[in-house]
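What follows is one structure encoded as structure tokens, with my remarks underneath.
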Amino acid sequence: MTQSDLDGVLSQTGKIVTNAKRFRRRINQALHLIAAKNFQTPETASQSLQEH
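Every number in the working numbering is 53 more than the matching position in the sequence shown, counting from 1.
The structure is reproduced here in structure tokens:
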């Protein structure tokens with residue numbers, strides 16, 4: 054493997070990781086919104102804050 058091959062792989066991996074993080078954040082936000090609508094109790098609110 055040449056250096057440019059390695060750089061290509063690393064940049065691809067970086068993009069995948071970034072997208073995965075962004076995707077997970079979006080899913081978490083959606084879940085929090087759903088949870089907030091379903092259970093509006095102080096307990097779940099403090100739990101969701103601690104998870105961040």
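Glycine included, C-beta positions come from ideal geometry on N, C-alpha and C.
Could you have a look at F76 and say whether DSSP puts it in helix, strand or coil?
helix
Using the Cα positions of G67 and K74, report the straight-line distance between them to the nearest angstrom.
11 angstroms
For T55, which three-state DSSP category applies?
coil
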